[in-house]
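Student:
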Amino acid sequence: LWHDLNKYLRAAKAETDSADALNRLESMLNSAMEIVDVGNPVLNVILNEYAMTAKASGIELRMKVQVPEYLGIVTADLYVIIGNTMDNAIEACKALPSEERLIDLVFRTRHDIVFYQLKNPCAANTPKHSSDPLRGYGLKNVSRCVEQYSGSIESVQQDGYYTVTVHLNQNKIHS
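Going by my numbering, the first residue of the sequence shown is number -18, and it counts up by one from there.
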């Protein structure tokens, strides 16, 4: 990003009408301001991916993340847990009017416990199953991952919101 910003700055200096180059630079700077950095390289990658997906779908993603640099959770398991729950939340939000599209994500640790919660509005008539044969495996896979860490998962649909809450025990993976 910095490499490209430097090139745009040099291009702006070289152009007699530098408005286009400066507009591109401003756009790049605005993108850089939206990069998620929570201090954990694995979560940075996952959360940036989903932040971009949510934004592209017109969904506001609010995050409260306080985690150490190392979580003691296998990267693939983090992807399964966050990825499946975020995919479900994004899908539910896309079925709503644009002004209702919002996902609240909380991810924090305390002692050896990892707490992850995702809350999003959902339509009252959200179907539980569809004709897609792969439908419904996401949360089963999340549950399988949670069990490996002697954790717990709770999912509740109430008052127009769907909330999934996960607790994991760090460094307690069981094969």
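From the three backbone atoms N, C-alpha and C, an ideal C-beta is built for every residue, glycine too.
Are the segment 17 to 27 and the segment 116 to 131 touching, with three or more C-beta to C-beta distances below 8 Å?
Tutor: No, the segment 17 to 27 does not touch the segment 116 to 131.
Student: Could you pull the start and end residues of the beta strand (DSSP E) that TYR143 belongs to?
Tutor: As a working note, residue 143 is residue 162 in the sequence shown. Where TYR143 is concerned, the enclosing beta strand (DSSP E) stretches over 142 to 150.
Student: If you draw a straight line from the alpha carbon of GLN98 to that of LYS(-12), how long is it in whole angstroms?
Tutor: On the sequence shown, position 117 is the one that residue 98 refers to. On the sequence shown, position 7 is the one that residue -12 refers to. When rounded, the distance between both Cα atoms is 41 Å.
Student: If we call anything under 9 Å between Cβ atoms a contact, is LEU24 one with VAL61?
Tutor: Within the sequence shown, numbered from 1, the residue matching residue 24 stands at position 43. Within the sequence shown, numbered from 1, the residue matching residue 61 stands at position 80. No, Cβ-Cβ distance for LEU24 and VAL61 is not below 9 Å.
Student: Could you tell me the alpha carbon to alpha carbon distance between ASP140 and ILE40, rounded to whole angstroms?
Tutor: For the purposes of this step, residue 140 is taken as the residue at position 159 of the sequence shown. For the purposes of this step, residue 40 is taken as the residue at position 59 of the sequence shown. So the two alpha carbons sit approximately 20 Å from each other.
Student: Which one of LEU149, VAL147, GLU81, LEU86 has the shortest CA to CA distance from TYR31?
Tutor: On the sequence shown, residue 31 is found 50 positions in, with the first residue counted as 1. Out of LEU149, VAL147, GLU81, LEU86, LEU86 has the C-alpha closest to the C-alpha of TYR31.
Student: Measuring only the C-alpha atoms, how far is TYR142 from ASP93?
Tutor: On the sequence shown, residue 142 is found 161 positions in, with the first residue counted as 1. On the sequence shown, residue 93 is found 112 positions in, with the first residue counted as 1. Going by the C-alpha atoms only, they are around 29 Å apart.
Student: How about ILE27 and LEU59: do their beta carbons lie closer than 9 Å?
Tutor: On the sequence shown, residue 27 is found 46 positions in, with the first residue counted as 1. On the sequence shown, residue 59 is found 78 positions in, with the first residue counted as 1. In this structure, LEU59 lies closer than 9 Å to ILE27 by Cβ.
Student: Write down every uninterrupted run of the alpha helix (DSSP H) in the segment 6 to 62 whose length is 4 residues or greater and which is fully enclosed by it, in chain order.
Tutor: Whole alpha helix (DSSP H) segments, 4+ residues: 22 to 37.
Student: Considering only their Cβ atoms, is the gap separating THR66 from VAL147 smaller than 9 Å?
Tutor: Counted from its first residue, the sequence shown places residue 147 at position 166. Counted from its first residue, the sequence shown places residue 66 at position 85. For VAL147 and THR66, yes; Cβs fall inside 9 Å.
Student: Using only alpha-carbon positions, find the residue among ASN29, VAL137, ASN152, THR56 that is nearest to ASN101.
Tutor: Stepping through the sequence shown from its first residue, residue 101 is reached at position 120. Nearest of ASN29, VAL137, ASN152, THR56 to ASN101, Cα basis: VAL137.
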